[in-house]
Structure formats: C-alpha cells, structure tokens
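Written below as structure tokens is the structure these notes are about.
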Amino acid sequence: MPAPRPRLSWRTTEPFDAYRVELTLAGRQPVVHTAEGAEQLGVRWPFAPLDSRAAGALRVSVGSRGRWGDWSRPLAFETPLFGAGDWSARFVSPRTLGGVLTAAPLLSRTVKLPAAVTRARLHVTALGLHVTRINGERVTDEELAPGWTSYGRRLRYRTHDVTALLRPGENEVTALLGNGWYRGRLYWRGERALYGDRLALLAQLEIECADGSTHLVVTDESWRAHTTGVLADDLYDGQTTDLRIGRGAGEPVDVLDEPLDQLFPGDSPPVRPVAAVPGGMRYAAPSGELLVDFGENLVGWVRLRVRGRAGQEVVVRHAEVLEDGELGIRPLRSAQATDRYVLAGGRTEVLEPSLTFHGFRYAGLRGVAPEEIESVEAVVLSSDLRPTGHFRCSDPDVQKLHDNVVRSMRGNFLDVPTDCPQRDERLGWTGDIQVFAPAAAFLADCSSFLSSWLRDLAAEQFEDGCVPFVVPNIHHNILPAAAAWGDAATIVPWTLYERYGDAEVLREQYPSMRAWVERLHAFAGEDGLWAGRFQFGDWLDPAAPPDAPGDSRTDKDLVATAHYIRSTDLLARTAAVLGLSEDARRCRDLAAEVRRAFASAYVTERGLMVSDTPTAYAMALHWDLLPTPEQREAAGTRLADLVRANGFRVATGFVGTPLITDALTEAGYPHLAFRLLLERSCPSWLYPVTMGATTIWERWDSMLPDGSINPGQMTSFNHYALGAVADWLHRRVAGLAPAAPGYRRIEVRPLPGHGLTWAEADLETPYGTAGVAWRISGGTLVLEARVPPGTEAIVHLPGQEPFRTGPGHHQWKAELPPPASPEVIADAVDDARLWERLTRVMTAHGVIGDPAALAARGLRLPLSELASVVTPRATPEQVARLQSALDEQLRP
-15 MPAPRPRLSW RTTEPFDAYR VELTLAGRQP VVHTAEGAEQ LGVRWPFAPL DSRAAGALRV
45 SVGSRGRWGD WSRPLAFETP LFGAGDWSAR FVSPRTLGGV LTAAPLLSRT VKLPAAVTRA
105 RLHVTALGLH VTRINGERVT DEELAPGWTS YGRRLRYRTH DVTALLRPGE NEVTALLGNG
165 WYRGRLYWRG ERALYGDRLA LLAQLEIECA DGSTHLVVTD ESWRAHTTGV LADDLYDGQT
225 TDLRIGRGAG EPVDVLDEPL DQLFPGDSPP VRPVAAVPGG MRYAAPSGEL LVDFGENLVG
285 WVRLRVRGRA GQEVVVRHAE VLEDGELGIR PLRSAQATDR YVLAGGRTEV LEPSLTFHGF
345 RYAGLRGVAP EEIESVEAVV LSSDLRPTGH FRCSDPDVQK LHDNVVRSMR GNFLDVPTDC
405 PQRDERLGWT GDIQVFAPAA AFLADCSSFL SSWLRDLAAE QFEDGCVPFV VPNIHHNILP
465 AAAAWGDAAT IVPWTLYERY GDAEVLREQY PSMRAWVERL HAFAGEDGLW AGRFQFGDWL
525 DPAAPPDAPG DSRTDKDLVA TAHYIRSTDL LARTAAVLGL SEDARRCRDL AAEVRRAFAS
585 AYVTERGLMV SDTPTAYAMA LHWDLLPTPE QREAAGTRLA DLVRANGFRV ATGFVGTPLI
645 TDALTEAGYP HLAFRLLLER SCPSWLYPVT MGATTIWERW DSMLPDGSIN PGQMTSFNHY
705 ALGAVADWLH RRVAGLAPAA PGYRRIEVRP LPGHGLTWAE ADLETPYGTA GVAWRISGGT
765 LVLEARVPPG TEAIVHLPGQ EPFRTGPGHH QWKAELPPPA SPEVIADAVD DARLWERLTR
825 VMTAHGVIGD PAALAARGLR LPLSELASVV TPRATPEQVA RLQSALDEQL RP
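Going by the working numbering, the first residue of the sequence shown is number -15, and it counts up by one from there.
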C-alpha cells in the first residue's frame, strides 16, 4: 500500500446497491465500513489513515436489496515508510572512491544474527543506480533501480521482503552503485552529473528473529566502500567490466547531509526483464565483425555465455538496423552503446551488464570466435506493466503495424515514457506521450506508471505554469511553452480518467492543469490567439527537410491556439467532474471566446482553413473548432480531397497523425481513413512494415526505399508517437470505445469492410473483460460483443438506430449495403482496387505524374472525363484512346 489512504477498487459479477469493506490490522479486531451505492472504482479510504509498517488484510462484500453476498478473498497488504521521521538511515557515499569517470563502487556492511529470521524488510534507494544483494543474492529482480524521477523533489525507494535471504550468523549486505540518470551522461550535449557528483546509498534493513530479538541495519559510517571490476558505466555509452578484478579493500564512507523529505514509496511498476530473445542468425559483416540478429528491435542488453582465455577482451556493440551489411550506428549520434568485458578465463563466463541499457536489433561481437560462444540472448527490459488490450485483424500488414506499436511502447516505457531508447537522448518528451497516451492506456495498465510521471511533471512545472519539454526536466535554464508538448499537463490526466475511471488523477493534477491553462491565457494576445512564440508545430511533417523537422506546412500559431482551446475544454470538464462549478463555467466561457478568435483568424466563411493542410483540418474537425455545420461539412470535404490528392500517403506530423483518421471518420469518410491506413508507399504507416520494421519509426522514412538510413540527425527506429493510430484501430476499426469513464459504458461501433474482412479487440477494463469482434460473411455483418458486469454497451449496427444492451455475450447480424457503382472521379479514386487498375492503364498510356494528384483537379466530374482531367495537354485522339482503355476497366 503506497499511501496512508489508498483508494479501493473491486470487481463483481452481480449488480449491487451497497458494499461493505472489512479492514483487519495485525493484532487488532476487524473494522467494517458499510455504505450505499454502486461505485467500485477509486472508492475513498473509509478508515483512519494507515501507519508506516502496518500489516493487515482487506476484503469486500456487496449487497442488493438488503441481501449481502459472500466476502471476497482477503487481500493481504503491508505499508512502507511514509515519513522522513521513519528513517534511521542516512545517505552514505564513498569518501575517496567512485568519482566521476572512475570504477563503480561497492558498499558493504555485515550483520550477525542470533537466530533464524522470521521477518525482514529492506527499504532502499540510491543517488544513482543500485544493485543490492544479501549474501550474494539479489534482493529483487528490478533493474536500473530506483529509476528516474525529478530527483531534487521526488526520489523513489522500494521495500523488499528479504526474509529468505538472511540466516543465523554472519550476513553481508552489498550494493553496487552506478551513474545512471543521476550522474551519467544526459542529453546530446554530453552533460554529466546534472543532479550531483557523488553516488550514494540509503538502506534500512529491519529484522525480526525467532528468539524475539529485533535488529536494525542502516546506512551510516559503519559501512565500507570498495573498488570493483566495473570500470565504466553509462546509460548512453555502455558498461566496461574486467572479470579478473575482485572487490578491493574496504575504505571509509561519508554520511551525506541529504534531505529525506523527497523520498516516496514505489508508486509504479519497476523495470524488470520481461522477456529473453535468443540470438538468431549469426554471420560475418564485410568488416569481419560477427553480427547477431535477434529478429526484433528491442530494449535491454545482450547476455553472452563464453569460454575464453584470461585477459581476452570481448566487445559487444549495438544497432537497430544494418547499412551496407554493417551495424548502422549513425542514428545513435554520440552514444557509444558498447559493452566491453575482459575475461577471467578458465571457465564459462556470463557476460551481461547491469548499469546500462541499449536499443537494438543487431549486436556486433568482437574479440570472440564463434566456437567460444556457448549461447547468446537478448534480455528485454521494460517497466513491468500488465498487458490489458489486444487487437487482431485480417490484414497481416496492419497486424504487424499493431505488433510494432506494442514493441515500441514496451521499449520506451522504461520507468519514464521516453521518445527513443537508443541514442544520446532517451528523454521523457511531453509531446510524444501526449499523443500516445490513449493507445497506451488500452495496451497495458499504465495508470500508476503515467500517474507517477505526471507527479514529476507537476513537480517540474515552472512557477509561471510553463511545462518543460521533457519530464524529468534537464533543460533547467529554458522557460518552455510549446503547444502539444505542454498540453500533456491536461491531456494525459484526462486520458487516464477516461480510460480507468478514477477521478483521483484529476484531483491530484488539477493545480498543474489549471496553471498550464492560465499560462496560455497570459500568453494570448488581445485577439485571443496564442501566437508569435516558439513552437514545435506539426513536428516531423513528412514535407519537412531532414534536418529541419519543425518546418511544417501547418501554421504554428494555428496549432498553438487549437491546443489552447483543447486544454481549456479539458480543464472545464475536469472542474465539472471535481464539482468546481465556477471554475468549469469560467473555462467554458474562455474556450468559447478563444474558439471565436480561432475561427475569425483561421477559418473562412466557406469552412476552409488558412493553413490548407490535413493537420489543420484534422484539428478543427476532431476538436470541434468550426462554428457552423456548413463550415464543418466544407472542411470535411476539403480534408478528404487533400488526402486523395496526396495519393493516400500520410501528410501529417506528430500533431496531425493521431487525429486524421478520426477526423475523416467523423466527417463521413471512413473509407478514406482506411485508404490512409492501408497505403504502403512512403510515407505511410505500412511502408515501414514493408521494409521489415518491427517497431514504429521516428520518421515516416527513417529508412529510405533503397535501404539506406535517412540522412537527418533524428532517425530513431523505435519511437512510438506515430503509432498513436493504434487507438483508432481499437476504438473504431474493432469498435471497442469508452462511452463513460472507465468503460462503465462501452460504445460498440465498428467500421466493417474497407479492405478488412474481420477485426476484433478485447480489453481488461476496470469492470472486467470487454470484447468486440466482427466478420463479414457474404454480404452480412456478424458482430459479437462481450460486456462486463456492472456496465452497459451502446451498439451501432448498419442501417439501424443505436441501442443499449447489458452485461453478457451477445451476437447480432446485419445486412451490409451493396457497394455503389462509381459515378464521379472521386468514387474511383476512393476504391483502392479499381484505382490501382486505372493507374496501371494511365501509366501504360504515358500519363506523367501522380495520377491521384492529377485526378484531384476534377474529383466531382463524371468518370467519363477522367482521361481529359489527367492529360490536360493531350490531343483529343490521345484523350479518347485513354478514356476508352479506362472504360474497359470500369465495366462490371
């Protein structure tokens, strides 16, 4: 239990109108709280606050109409240390060892116990990374502990049950310290020791023995520091280990005057090994380096078992891709991503680091012959989030796209939601998680993971309300305020509330959310617009030059003001949920005022946008920024035409990509959203799949069609932001969407057809498993839904009014309307198979240019004029011959 007043949630198979919660603390009589109501998510703690070190059990019973059901099974729990006064330990640091750019130090302490241990708890954290052992055994399988938080304000510690590791007699506690985020290299400028230049350990071991004695072992001046064979460690550059070097002689430590009030108990899942991937194909590169292909882009490290000679140096390099048969290391920029080992020799040795991580698919091995390698595997690291959602469909490339999204999330949810896991960056960019949070909240239970990160965001927020570009913040001298990036302060909390149903995240983040919107209001000019300041804009617009990713076609001030409205809308809704009616009214009024300013500045009376780009229209449509139905209809038509004219290749960056499929769907063009989804030429979602990608790329063209790496400086091959389309796959393609917070009401509204013959999704909601599956059989849609207890579903079937249904498994059938015959040029462009045939004919007749772009000149004209539209300078005879050939393809 990480808090004195934890919130309670439970599931039940039956409806109820009352509940009972029983609390039993060790050595005390049970206490029962009874209440009326049907709430079961985030229920407020009904008892007195829990003390530190409390142990007990909870159980719940629900009732209906005066009759109580059975009690649940008891949930045993313990509490950690809640206050600084609970700590007797102090931070200790090596006095002379462990300086910057020196070997990693080991701290140790022995304790002699008089009897068998009945209970032992270790509370531990570090300034830097720690790998803690008792009697040589690791106290946890957590890696990279204590993770990365806003160290000056929030430092995580964890509590471990170490009873089984202790024995009567002498015991030893050791901790290897590493640089990690605290003192290692951060940011591409090569800065080190951003948080401090001394590594330190804080540990408090509380022991109870069978003879009734208790023992307290804390970090103090009695600990000793030792040199080790870990000669260098850095998250970007890797780890160097000399296995010949043992522990050095003990030297003194200093007790540091570090405050303890920034400590907090573990509030999110730790980083753990979540998979092991055996090394696949091994072959020699042209340079002679031995390459190992693990078959997928992953995050972690390589574990080698080798048998070599003493003093032999083995080098392991890492890369996500190959270029010209060699490791493609240019995208790593200055990150060395190299682990080095010097063998002790004479036996099989296991080579793996513990104080670094890498993003890679390929490993290059030097200094070791193939016959000396007994095994090689990749250890996959990630925050250990529970998978909750799954998606499957009939198109294998779309399925691979979704699988790639899952891998990218796994690789970049490593204690903080990072942009990328491999180069000299790996930062918690706010804009990336802002666009990806809805997809993430479906794929895994990331409520505690993102709630913890949001606490860091609030801690790092500047006094004037500005939100840093990255959280934890390493740009301390910058006062940033960028649309879409800073809006993570409002959008991510609302997403968590929408998907998990617990309003506590809104209550906790409300001051941060309000401060951000107030900052935007202060930035706005007299005309109500957020304009004239630095913006990232529609970052990585495909049309932007490789080394100028911010040069998007969409006006940056338009993007900024649209997000100003979006955040103000969400703050108004948040205030309403929290019962802050006056705040809600003020925010609604402000949002309406800024909407009018936005429309006046950026929308014509006909509904066209000043920035005539897909991103501009997608924001305006999906966020309801257009004043009249006529303007919305015109904007939807224009967005559809822009998508057609671009040959269904993606023309959006970070801002527009998560919105465009929804905008098209809501505007009445779901078939065009599918055309975008299913396009395979570059840039598109499926182009990387055709190039063998196993994760989402940072750029649509991180790898060029000829297999070379994009020349830009930002060319990650594991970057989840453009995978935000997965949310649309879940909600609209499969048809499983939240219609009320926490999926208490579910919208079952799939988009059957459009190139797919079936799709399905299932989700472990807070109420139980929900699922939607559809398939097309002949001209009939067969739709199935699983609705969890305590919820209801709103079901949409073709040609019918929406209807409600309750919990259980359901199946419906509906006849699909027959496809309409194409009449105008737009109809042909929209039909993927027909347009492919027509394109082949046009190419064979010498049509120069992109047929879709040429056809965009006359989308509303009859198909009989297609030839004249795409060949405006051809002779009448040439037009007639081409039209005749096209007509052949148009015949039924």
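Ideal Cβ placement from N, Cα and C applies to all residues, glycine included.
Check your understanding: Assuming leucine 227 contacts leucine 327 under a Cβ cut-off of 8 Å, what Cβ separation, rounded to an integer in Å, is found between them?
Key -> Indeed, because the Cβ distance is near 6 Å, the residues count as touching under 8 Å.
Check your understanding: Between which two residues does the beta strand (DSSP E) carrying threonine 322 extend?
Key -> Taken as a continuous stretch (DSSP letters only), the beta strand (DSSP E) holding threonine 322 covers 322 to 326.
**Study point:** Rounded distance between the beta-carbons of leucine 161 and proline 89, thought under 8 Å
**Key:** Rounded to whole angstroms, the Cβ separation of proline 89 and leucine 161 is 5 Å, and the two are in contact under 8 Å.
Point to revise | DSSP bridge partner residues for serine 77 (one or two, in chain order) | key: For serine 77, which the question treats as bridged, DSSP gives the partners Asp238.
Review point. Less than 8 Å separating the beta-carbons of proline 530 and glycine 312?
Key: Not closer than 8 Å, so no.
Check your understanding: Where are the beta strand (DSSP E) runs, 3 residues long or more, that stay fully inside the region 785 to 846, in chain order?
Key -> DSSP runs (the beta strand (DSSP E)) wholly in the region 785 to 846: 787 to 789 and 792 to 799.
Review point. What is the DSSP secondary structure of arginine 570, reduced to helix, strand or coil?
Key: Here arginine 570 sits in helix by DSSP.
Check your understanding: Looking at the unbroken beta strand (DSSP E) that takes in serine 48, where does it start and where does it end?
Key -> Counting along the chain, serine 48 sits inside the beta strand (DSSP E) bounded by residues 39 to 48.
Check your understanding: Between arginine 291 and glycine 330, what straight-line distance do the alpha-carbon atoms span, to the nearest angstrom?
Key -> So the alpha carbons of these two residues sit roughly 7 Å apart.
Exercise for review: At 4 residues or longer, and completely inside the region 99 to 181: list those alpha helix (DSSP H) runs for me, N to C.
Suggested key: Counting only runs of 4 or more, we get 164 to 167.
Practice item. Measure the Cβ-Cβ separation of alanine 421 and valine 476 and say whether it is below 8 Å. Key: In this structure, the beta-carbon distance from alanine 421 to valine 476 falls below 8 Å.
**Study point:** Distance CB(proline 533)-CB(valine 634) smaller than 8 Å
**Key:** No, these two residues do not count as a Cβ contact at 8 Å.
Check your understanding: If you draw a straight line from the C-alpha of glutamate 190 to the C-alpha of valine 157, how long is it?
Key -> Straight-line Cα distance between these residues: approximately 13 Å.
**Study point:** Segments of 4+ residues assigned as alpha helix (DSSP H) that fall wholly inside the region 593 to 635
**Key:** Within the region 593 to 635, the complete alpha helix (DSSP H) runs of at least 4 residues are 598 to 606 and 613 to 629.
Check your understanding: For tyrosine 220, does the three-state DSSP call read helix, strand or coil?
Key -> Tyrosine 220: coil per DSSP, three-state reduction.
Check your understanding: Is there contact between the region 751 to 767 and the region 780 to 799, where contact requires at least three CB pairs shorter than 8 Å?
Key -> In this structure the region 751 to 767 touches the region 780 to 799; the number of beta carbon pairs closer than 8 Å is three or more.
Check your understanding: So is the beta-carbon of alanine 840 under 7 Å away from any non-hydrogen atom of the ligand ATP?
Key -> Of ligands this structure carries none, so the ligand ATP is not represented either.
**Study point:** Contacts around leucine 365, its chain only, beta-carbon distance under 8 Å, and the 5 residues preceding and following it disregarded
**Key:** Closer than 8 Å at Cβ, skipping near neighbours: Glu127, Leu128, Val255, Arg256, Pro257, Val258, Val283, Gly284, Trp285, Phe341 and Leu398.
Exercise for review: Taking only the alpha-carbon atoms, compute the straight-line gap between glycine 833 and arginine 176 and give it to the nearest angstrom.
Suggested key: For glycine 833 and arginine 176, the distance between alpha carbons rounds to 52 Å.
Review point. Could you give the uninterrupted runs of the alpha helix (DSSP H) lying entirely in the region 670 to 695, keeping only those of 4 residues or more?
Key: DSSP assignment within the region 670 to 695 yields the following whole alpha helix (DSSP H) runs of 4 residues or more, N-terminal first: 671 to 674.
Point to revise | Close Cβ partners of tryptophan 413 (< 6 Å) along its chain, the five nearest in sequence each way excluded | key: The beta carbon of tryptophan 413 sits closer than 6 Å to the beta carbons of Asp403 and Val454 from its chain, once the five residues preceding and following it are set aside; these are given in chain order.
Exercise for review: Going by CA-CA distance only, name the one from Ala576, Ala559, Ala575 and Leu574 that's closest to alanine 568.
Suggested key: Distance from the Cα of alanine 568 is smallest, within the candidate group Ala576, Ala559, Ala575 and Leu574, for Ala559.
**Study point:** glutamate 614 burial status per 10 Å Cβ neighbour count (16 or more: buried)
**Key:** Within 10 angstroms of the beta-carbon of glutamate 614 lie fewer than 16 other beta-carbons, which makes it exposed.
Practice item. Just mark glutamine 867 as buried or exposed, buried being the case when its beta carbon has 16 or more other beta carbons within 10 Å. Key: Buried: at least 16 other Cβ atoms inside 10 Å.
Review point. If you draw a straight line from the alpha carbon of proline 791 to that of alanine 575, how long is it in whole angstroms?
Key: Roughly 38 Å between the two C-alpha positions.
Exercise for review: Report the three-state DSSP secondary structure of serine 435 (helix, strand or coil).
Suggested key: In this structure, serine 435 counts as helix in the three-state DSSP scheme.
Check your understanding: Where does histidine 793 land, buried or exposed, given buried means 16+ other C-beta within 10 angstroms?
Key -> It is exposed - the Cβ of histidine 793 has fewer than 16 other Cβ atoms within 10 Å.
Check your understanding: For lysine 96, which beta-bridge partners are listed by DSSP?
Key -> Beta bridge pairing from DSSP links lysine 96 with Glu154.
Review point. Can you tell which of Ala851, Ile680, His17 and Arg788 has its C-alpha closest to the C-alpha of lysine 384?
Key: Selected option, being the one with the closest Cα: Ile680.
**Study point:** Given proline 495 as reference, the closest of Leu438, Leu480 and Ala602 once Cα atoms are compared
**Key:** Nearest option by C-alpha distance: Leu438.
Review point. Just checking my contact of leucine 7 with alanine 110 at CB under 8 Å: how many whole Å lie between their CB atoms?
Key: That belief does not hold up - the Cβ atoms of leucine 7 and alanine 110 are roughly 34 Å apart, past 8 Å.
**Study point:** Given glutamate 23 as reference, the closest of Leu661, Phe31, Arg(-9) and Pro33 once Cα atoms are compared
**Key:** With respect to the C-alpha of glutamate 23, the residue from Leu661, Phe31, Arg(-9) and Pro33 having the closest C-alpha is Arg(-9).
Exercise for review: Tell me, to the nearest whole angstrom, how far the beta carbon of alanine 884 is from that of leucine 609; I am working on the premise that it is less than 8 Å.
Suggested key: Nothing can be reported for residue 884, as the shown portion of the chain is limited to -15 through 876.
**Study point:** Close Cβ partners of cysteine 571 (< 8 Å) along its chain, the five nearest in sequence each way excluded
**Key:** Around cysteine 571: Val501, Thr552, Asp553, Leu555, Ala556 and Ala559.
Exercise for review: Could you spell out where the beta strand (DSSP E) holding aspartate 277 opens and where it closes?
Suggested key: DSSP places aspartate 277 inside the beta strand (DSSP E), whose first and last residues are 274 to 291.
Review point. Sorted by chain position, which residues of the same chain lie with C-beta nearer than 8 Å to arginine 314's C-beta, five sequence neighbours on each side aside?
Key: Same-chain partners within the cutoff: Glu307, Ile693 and Thr699.
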